[in-house]
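Engineer: What follows is a structure written as structure tokens; I'll ask about it next.
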RNA sequence: GCGCCAGUAGCUCAGUUGGAUAGAGCAACAGCCUUCUAAGCUGUGGGUCGGGGGUUCGAUUCCCUCCUGGCGCGCCA
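In my numbering, the protein residues as written are 1392 to 1943.
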């Protein structure tokens, strides 16, 4: 039971004693300004109305009824409009260091998810081109969200959905075919809406070469569309795999849209929707009554030509998620796809098979723009000017790319400044955090002490009373709460923000107070603090999928 | 026209789900290298929280309205 828990319990008891609602749950927070105390509560203000008393009066009554010594509280101030500010015994605060060092790699983990299954789908790019920076943001987000959920006790499955069926794929095939024809002097043009990137020509060349080297494929001008399409999709999938590998992201499942046609799931879903009375024919197409489930208007699910629109397989796909036991699913997508949210959910509700209305959950992210030498790098798949994830990783490194993608909340637009990411200086936030970690490691290296076997047994942590020490320890002790909050909100950027702040406090402490060469009891206690800071920063970086170097 | 997202210091952005005098980094200015990494640290200045209403003890946060920007509104995905 932490000090905050004990204060909370004491407050609840005192509130009941003075006639508050027995179900009251006091909220304890860190004060905005650390000079105001270690913990604060606005309980007296929230009780003012029901108890019909002035907040300050209530605060006084509460304070009189609390057993403060039991909660480790040295002093309670009543301040401002009615805040109660608690000051803890510094030795008690310092004891957090012992917990952190003891828990080591598990510090920050919780079991809130109770081992339940959750599916996290991300990237899910069409195999029609390399992964660009937008996919990179999504890969970083999805992976970090997955890890956050693992840290809070969920059993996570990372999933990549390939849209390897449909009109865009035919578009791709036609583009490659035209490019093949052009190679042998033909004048065939890439069709309207086709793809023009350099990679199209590369695929065409590769296809030609294979066709000539081995007889396994019919190359050249006579190549049929099926062979070209299959070849192009396979090529691009393996290219995307290399992109993801460069970024250090891996998946538990790669799910092919085409398989939903192969095993009849698409047909099955369409039939079930019709059987449920949720469809109607109009203008030769089959419509789904999505407007009955919050959409602006009904949507076509089967086109006049007999093929399905993208969202029907999407519905079928999410049915499989539910059936595979994932009663919680999170989709990470670009905000340009936000219109699918209502549609997919509507389709799932229309089936009436007990899927919850807010299934799946969506994390939408805004666009990424890349700045280089002060200019925006235009990203256009069709035109071919292009910044791929791999380009970016090769240029600035995986850790910087990940941190940059994760340090902003997903629903704000992100400017990726390549020049800043390349700087190995304080301007670059990822170096700032990693440097703090390396410094903590450096103390142990110089002191020739083994970090991993270091124990706090018998160390008097009560000597860690310097203001910088107390502030750092409080920040470190808040890490589990930061993880819980970030996981609950599906917002990894909170961890990035937390790390920047904690790194700042670690640098500050490091600079002001030496560890080695002090009195023996001080050295031992400060080593413990350095170890605790190193553990917390490393754990936080690990959640974001970023390395924690021991030296830089 | 409708929907979603955003608008906070010169710039890039946080703001713990309604709390105290709104924070950080960069940039600017002033300092700090015989000590565990100066790839760093300390200090100073900088704000009508896009505008206007409302809800209440209290609003950057919730509601309404307007302005600006991005995305979407397809029998493309």
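Yeah, the Cβ is synthetic: ideal placement off N, Cα and C, and Gly gets one too.
Could you tell me how far apart the beta carbons of residue 1961 and residue 1504 are, in whole angstroms, since I believe they sit closer than 8 Å?
Structural biologist: Limits of the chain in this structure are 1392 at one end and 1943 at the other, which puts residue 1961 out of reach.
Engineer: Alpha carbon to alpha carbon, what distance is there between residue 1920 and residue 1488?
Structural biologist: 6 Å
Engineer: Is the stretch 1745-1758 touching the stretch 1708-1724 in the sense that three or more CB pairs, one from each, lie closer than 8 Å?
Structural biologist: yes
Engineer: In this structure, how does DSSP classify residue 1550 when only helix, strand and coil are distinguished?
Structural biologist: The answer is strand: DSSP assigns residue 1550 an E or B state.
Engineer: Could you tell me whether the Cβ atoms of residue 1550 and residue 1684 are closer together than 8 Å?
Structural biologist: no
Engineer: Roughly how many angstroms separate the alpha carbons of residue 1933 and residue 1939, rounded to a whole number?
Structural biologist: Distance between the alpha carbons of residue 1933 and residue 1939 is about 8 Å.
Engineer: Measuring CB to CB, does residue 1400 end up less than 8 Å from residue 1438?
Structural biologist: no
Engineer: Looking at the unbroken beta strand (DSSP E) that takes in residue 1724, where does it start and where does it end?
Structural biologist: 1720-1725
Engineer: Return helix, strand or coil for residue 1822, following the three-state DSSP convention.
Structural biologist: helix
Engineer: I need the straight-line Cα distance from residue 1580 to residue 1518, nearest angstrom please.
Structural biologist: Distance between residue 1580 and residue 1518, taken at the CA atoms: about 21 Å.
Engineer: For residue 1625 and residue 1639, I'd like the C-alpha separation in whole angstroms.
Structural biologist: Whole-angstrom Cα-Cα distance: 21 Å.
Engineer: On a Cα-Cα basis, can you pick out the residue from 1893, 1447, 1872 that is closest to residue 1502?
Structural biologist: 1872
Engineer: Quick one: which unbroken beta strand (DSSP E) runs of 3-plus residues sit fully inside the stretch 1484-1562? Chain order, please.
Structural biologist: 1508-1512, 1546-1553
Engineer: Taking the C-alpha atoms as reference points, what is the distance between residue 1529 and residue 1634?
Structural biologist: 13 Å
Engineer: Which full runs of the alpha helix (DSSP H) of 4+ residues lie inside the stretch 1848-1893, going along the chain?
Structural biologist: 1858-1868, 1870-1880
Engineer: What does the alpha-carbon distance come out to for the pair residue 1744 and residue 1572?
Structural biologist: Note on geometry: alpha-carbon atoms of residue 1744 and residue 1572 lie some 50 Å from one another.
Engineer: Residues in its own chain within less than 6 Å of residue 1456 by CB, not counting five upstream and five downstream?
Structural biologist: 1405, 1408
Engineer: With distance defined between alpha-carbon atoms, name the residue in 1941, 1567, 1861 nearest to residue 1588.
Structural biologist: 1567
Engineer: Does the separation of the CB atoms of residue 1741 and residue 1679 fall below 8 Å?
Structural biologist: yes
Engineer: Considering only residues of the same chain and omitting the five flanking positions on each side of residue 1446, which have a CB-CB separation below 7 Å?
Structural biologist: Cβ neighbours of residue 1446 within its own chain (closer than 7 Å, five residues either side excluded): 1435, 1436, 1439, 1472, 1473.
Engineer: Whether or not the stretch 1785-1805 and the stretch 1831-1848 are in contact is what I'm after, with contact meaning three or more pairs of Cβ atoms, one per stretch, closer than 8 Å; do they touch?
Structural biologist: no
Engineer: For residue 1612, I'd like the list of residues in its chain whose CB is within less than 8 Å of its CB, leaving aside the five on either flank, ordered along the chain.
Structural biologist: Note that residue 1612 scores a pLDDT of 43, beneath 50, so its modelled location is shaky; the value from the coordinates is reported in the next line. So the qualifying residues of the chain are 1571, 1572, 1575, 1577.
Engineer: Less than 8 Å between the CB atoms is what I'm expecting for residue 1865 and residue 1429, so what's the real figure, rounded?
Structural biologist: 7 Å
Engineer: Can you name, in chain order, every residue of its own chain whose Cβ lies under 7 Å from the Cβ of residue 1526, other than the five neighbours on each side?
Structural biologist: Only 1514, 1516, 1780 meet the Cβ criterion.
Engineer: Kindly indicate the opening and closing residues of the alpha helix (DSSP H) around residue 1436.
Structural biologist: 1434-1442
Engineer: Report back the beta-carbon spacing between residue 1799 and residue 1884 to the nearest angstrom; my notes put them in contact at under 8 Å.
Structural biologist: 6 Å
Engineer: Grab me the residues of residue 1628's own chain with a C-beta within less than 6 Å of its C-beta, minus the 5 sequence neighbours each way, in chain order.
Structural biologist: 1518
Engineer: Tell me, which residues are paired with residue 1470 by DSSP?
Structural biologist: DSSP lists 1474 as partners of residue 1470.
Engineer: Looking at the unbroken beta strand (DSSP E) that takes in residue 1671, where does it start and where does it end?
Structural biologist: 1670-1673
Engineer: Near residue 1735, what residues of its chain come up, given a Cβ to Cβ distance below 7 Å and the 5 sequence neighbours on each side ignored?
Structural biologist: 1702, 1705, 1706, 1709
Engineer: How big is the Cα-Cα spacing for residue 1822 and residue 1509?
Structural biologist: 33 Å
Engineer: In chain order, what residues of the same chain lie with their CB nearer than 7 Å to the CB of residue 1663, ignoring the 5 residues before and after it?
Structural biologist: Excluding sequence neighbours, residue 1663 sits near 1742.
Engineer: Quick check on DSSP: helix, strand or coil for residue 1690?
Structural biologist: In the three-state reduction of the DSSP assignment, residue 1690 falls in the strand class.
Engineer: In chain order, what residues of the same chain have a beta carbon less than 8 Å from the beta carbon of residue 1470, not counting five sequence neighbours either side?
Structural biologist: 1427, 1476
Engineer: Do you know how far the Cα of residue 1433 is from the Cα of residue 1869?
Structural biologist: Roughly 19 Å between the two C-alpha positions.
Engineer: Cα separation between residue 1486 and residue 1893?
Structural biologist: In a straight line, the C-alpha of residue 1486 is about 18 Å away from that of residue 1893.
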